[in-house]
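**Student:**
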């Protein structure tokens, strides 16, 4: 069967109904559009397909629904039309601004909790289309990933281990790393800014925390809540489709491989069950306004984690939309002091589950990229041999709360580098 729906005006959509999936067929992900041409055309022409297996399924699951276009994951830019309606979906031209714009479609009803969503796509709208994109334009032709590190001056000595091991593995050959974004307190930027000019590889950019919080960080906000929020809010500065969150305790022990970190073009995730940190999931459900029993099978790990740039923006958009009548960032951060202990990852997972987006953005990897982590003092000594020589291991960690000196870790790391160089030299003989 084929149902054809023209929703035109500022945005025109052609909807073909033939399967259970929702997909934006046009424009393509990564398309570069001229802002003036977009406005002269009255908007962006979309082609969207919604397919079902039977006519009965269409009548019961599709025809009564509305199809909604989301801009940057936010319902403040929401534009909907009934699937069976005639022309009528209008997006004012003022909503199409220059810059990276994430778009996705959701098929839902007024009372629907579980929505059907398309995979998001990014279009790059430019004031004037150049011959090629600028150096910070989002990369789409080849796998690329950004690394995000939250850092204070007190942890800088540990971060040197992270950046040193990253350079060892990723600066001798072609790397999937686009850049490293280091988010620092404003008052410490003058000192930590030296990282920005320390090396050509990896490329490091310093971001002041206040840029992520509308210029204001309140003293009442819990410092741990701020650090977790940063890992989501930083998505607005990321120019790749995915990014890896890091803490200063992380150590790189192997190459960053696209096939492991981005299986089937999606972000890998660790299926850590909710029972490990049940209070995080409860607090996240509460702040998102979800039934605490919803999505009980949802799982996600901890730092380091691979996040979708769009997914993180959609997660914070969910909070912005929920508290849009007030200072949403203040309500969000203050909730931690009121006993709603959420984490960035449980918020991220649940917000994407509620929108039907998670499986479009994430997939389980064939093997874990994280191994031999030391979280507590009684797990010492750290087995650097196992960490560096495990064939699928990319990241390890020695938590600062173990109170082990960075110089001790550095000695172990250096020993492994000497061994690896000797091995490689013998192979070349």
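Residue numbers (the working numbering): 10 to 438. For each residue, glycine too, the CB sits at the ideal point set by N, CA and C.
The beta strand (DSSP E) that contains residue 178, what's its start and end?
**Tutor:** Position 169 of the chain shown holds residue 178. Not the beta strand (DSSP E): residue 178 falls in the alpha helix (DSSP H), residues 165–179.
**Student:** Does the distance from the C-beta atom of residue 131 to that of residue 252 stay below 8 angstroms?
**Tutor:** Along the chain shown, read from residue 1 onward, the residue named residue 131 stands at position 122. Along the chain shown, read from residue 1 onward, the residue named residue 252 stands at position 243. No.
**Student:** Please classify residue 188: does DSSP put it in a helix, a strand, or coil?
**Tutor:** On the chain shown, residue 188 is found 179 positions in, with the first residue counted as 1. It is a strand residue.
**Student:** Do residue 206 and residue 289 have their C-beta atoms closer together than 8 angstroms?
**Tutor:** Here residue 206 refers to the residue found at position 197 of the chain shown. Here residue 289 refers to the residue found at position 280 of the chain shown. Not closer than 8 angstroms, so no.
**Student:** With a threshold of 16 other CB atoms inside 10 Å of the CB of residue 79, please say whether the residue is buried or exposed.
**Tutor:** Position 70 of the chain shown, counting from 1, holds the residue named residue 79. That one is buried.
**Student:** Quick check on residue 139: buried or exposed, where buried means 16 or more other Cβ atoms within 10 Å of its Cβ?
**Tutor:** For the purposes of this step, residue 139 is taken as the residue at position 130 of the chain shown. Note that residue 139 has pLDDT 44, beneath the 50 cutoff, so the model's placement of it is unreliable and the number below is only indicative. Exposed, because fewer than 16 other Cβ atoms sit within 10 Å of the Cβ of residue 139.
**Student:** When you compare only the Cα positions, how much space is there between residue 211 and residue 297?
**Tutor:** As a working note, residue 211 is residue 202 in the chain shown. As a working note, residue 297 is residue 288 in the chain shown. Spanning the two alpha carbons is a distance of roughly 36 angstroms.
**Student:** Per DSSP, what kind of secondary structure is residue 410 in: helix, strand or coil?
**Tutor:** Indexing the chain shown from 1 puts residue 410 at position 401. Helix, per DSSP.
**Student:** Quick one: which unbroken beta strand (DSSP E) runs of 3-plus residues sit fully inside the region 180–249? Chain order, please.
**Tutor:** The qualifying runs are 186–193, 213–217.
**Student:** Can you tell me where the alpha helix (DSSP H) holding residue 330 begins and where it ends?
**Tutor:** Your numbering for residue 330 matches position 321 in the chain shown. Residues 318–331.
**Student:** Please report the distance separating the alpha-carbon of residue 153 from that of residue 373.
**Tutor:** Here residue 153 is taken as the residue at index 144 of the chain shown, counted from 1. Here residue 373 is taken as the residue at index 364 of the chain shown, counted from 1. Between residue 153 and residue 373, the C-alpha separation is close to 19 angstroms.
**Student:** Can you tell me which residues form a DSSP beta bridge with residue 108?
**Tutor:** Taking the first residue of the chain shown as 1, we reach residue 108 at position 99. Paired residue(s): 134.
**Student:** Please report the distance separating the alpha-carbon of residue 195 from that of residue 407.
**Tutor:** As a first step, residue 195 must be located in the chain shown, where it is residue number 186. As a first step, residue 407 must be located in the chain shown, where it is residue number 398. Taking the straight line from one Cα to the other gives about 27 angstroms.
**Student:** Just to check, is the beta-carbon of residue 291 closer than 7 angstroms to a non-hydrogen atom of the ligand MG?
**Tutor:** With respect to the ligand MG, the structure offers nothing, as it holds no ligand at all.
**Student:** Cα separation between residue 286 and residue 310?
**Tutor:** Stepping through the chain shown from its first residue, residue 286 is reached at position 277. Stepping through the chain shown from its first residue, residue 310 is reached at position 301. For residue 286 and residue 310, the distance between alpha carbons rounds to 10 angstroms.
**Student:** Looking at the structure shown, is residue 363 part of a helix, part of a strand, or coil, going by DSSP?
**Tutor:** Numbered from 1 along the chain shown, position 354 holds the residue referred to as residue 363. Residue 363: helix per DSSP, three-state reduction.
**Student:** Return helix, strand or coil for residue 269, following the three-state DSSP convention.
**Tutor:** Working through the chain shown from its first residue, we reach residue 269 at position 260. In this structure, residue 269 counts as helix in the three-state DSSP scheme.
**Student:** Less than 8 angstroms between the CB atoms is what I'm expecting for residue 312 and residue 254, so what's the real figure, rounded?
**Tutor:** To locate residue 312, count along the chain shown from 1; it is residue 303. To locate residue 254, count along the chain shown from 1; it is residue 245. Sure, about 5 angstroms apart at Cβ, within 8 angstroms.
**Student:** Among the residues of its own chain, which have a CB less than 6 angstroms from the CB of residue 256, if the five just before and after it don't count?
**Tutor:** Position 247 of the chain shown, counted from the first residue, corresponds to residue 256. Excluding positions up to five away in sequence, the list reads 312.
**Student:** Ordered along the chain, which non-local residues of its own chain (more than five positions away) have a Cβ less than 7 angstroms from that of residue 146?
**Tutor:** The residue labelled residue 146 in the question sits at position 137 within the chain shown. Reliability fails at residue 146, whose pLDDT of 42 lies under 50, so the model's placement of it is uncertain and no value is given.
**Student:** Could you tell me the alpha carbon to alpha carbon distance between residue 381 and residue 43, rounded to whole angstroms?
**Tutor:** Taking the chain shown and counting its residues from 1, the one referred to as residue 381 is at position 372. Taking the chain shown and counting its residues from 1, the one referred to as residue 43 is at position 34. Rounded to the nearest angstrom, the two C-alpha atoms are 49 angstroms apart.
**Student:** Can you name, in chain order, every residue of its own chain whose Cβ lies under 8 angstroms from the Cβ of residue 327, other than the five neighbours on each side?
**Tutor:** In the chain shown, the residue the question calls residue 327 occupies position 318. So the list reads 82, 297, 360, 363, 364, once near-sequence residues are dropped.
**Student:** Find out if the Cβ-Cβ distance for the pair residue 31, residue 170 is shorter than 8 angstroms.
**Tutor:** One-based indexing of the chain shown puts residue 31 at position 22. One-based indexing of the chain shown puts residue 170 at position 161. Result no, Cβ atoms of residue 31 and residue 170 do not sit closer than 8 angstroms.
**Student:** Return helix, strand or coil for residue 4, following the three-state DSSP convention.
**Tutor:** Residue 4 falls outside the range modelled here, since the chain spans only 10 to 438, and no answer is possible.
**Student:** What three-state label does DSSP hand residue 37 in the structure shown?
**Tutor:** Position 28 of the chain shown holds residue 37. Reduced to three states, the DSSP call for residue 37 is coil.
**Student:** What whole-angstrom Cβ distance do residue 243 and residue 221 have, given they're in contact under 8 angstroms?
**Tutor:** Locating residue 243 in the chain shown gives position 234, counting from the first residue. Locating residue 221 in the chain shown gives position 212, counting from the first residue. Indeed they touch by this definition, with Cβ atoms about 6 angstroms apart.
**Student:** Here's the rule: buried if 16 or more other CB atoms are within 10 angstroms of the residue's CB, otherwise exposed. What is residue 412?
**Tutor:** Here residue 412 is taken as the residue at index 403 of the chain shown, counted from 1. It is exposed - the Cβ of residue 412 has fewer than 16 other Cβ atoms within 10 Å.
**Student:** Which same chain residues end up closer than 6 angstroms to residue 293 when comparing Cβ atoms and leaving out the 5 residues on each side of it in sequence?
**Tutor:** Position 284 of the chain shown, counted from the start, is the residue given in the question as residue 293. The answer, listed in chain order, is 351, 355, 356, 359.
**Student:** Could you give the distance in angstroms between the alpha-carbon of residue 338 and the alpha-carbon of residue 329?
**Tutor:** Position 329 of the chain shown, counted from the start, is the residue given in the question as residue 338. Position 320 of the chain shown, counted from the start, is the residue given in the question as residue 329. Computed Cα separation, rounded: 8 angstroms.
**Student:** I believe residue 159 touches residue 240 by the beta-carbon criterion, under 8 angstroms. Please report the beta-carbon distance rounded to the nearest angstrom.
**Tutor:** If you number the chain shown from 1, residue 159 lands on position 150. If you number the chain shown from 1, residue 240 lands on position 231. Contact holds; Cβ gap of about 7 angstroms.
**Student:** Taking only the alpha-carbon atoms, compute the straight-line gap between residue 369 and residue 420 and give it to the nearest angstrom.
**Tutor:** Taking the chain shown and counting its residues from 1, the one referred to as residue 369 is at position 360. Taking the chain shown and counting its residues from 1, the one referred to as residue 420 is at position 411. Going by the C-alpha atoms only, they are around 42 angstroms apart.
**Student:** May I ask you to verify whether the region 259–270 touches the region 170–184, counting CB pairs closer than 8 angstroms and requiring at least 3?
**Tutor:** Verdict: yes, contact present.
**Student:** For residue 378, does the count of other Cβ atoms within 10 angstroms reach 16, so buried, or fall short, so exposed?
**Tutor:** Counted from its first residue, the chain shown places residue 378 at position 369. Buried, since its Cβ has 16 or more Cβ neighbours within 10 Å.
**Student:** State yes or no: is the C-beta of residue 235 within less than 8 angstroms of the C-beta of residue 342?
**Tutor:** Looking up residue 235 in the chain shown gives position 226. Looking up residue 342 in the chain shown gives position 333. In this structure, residue 342 lies closer than 8 angstroms to residue 235 by Cβ.
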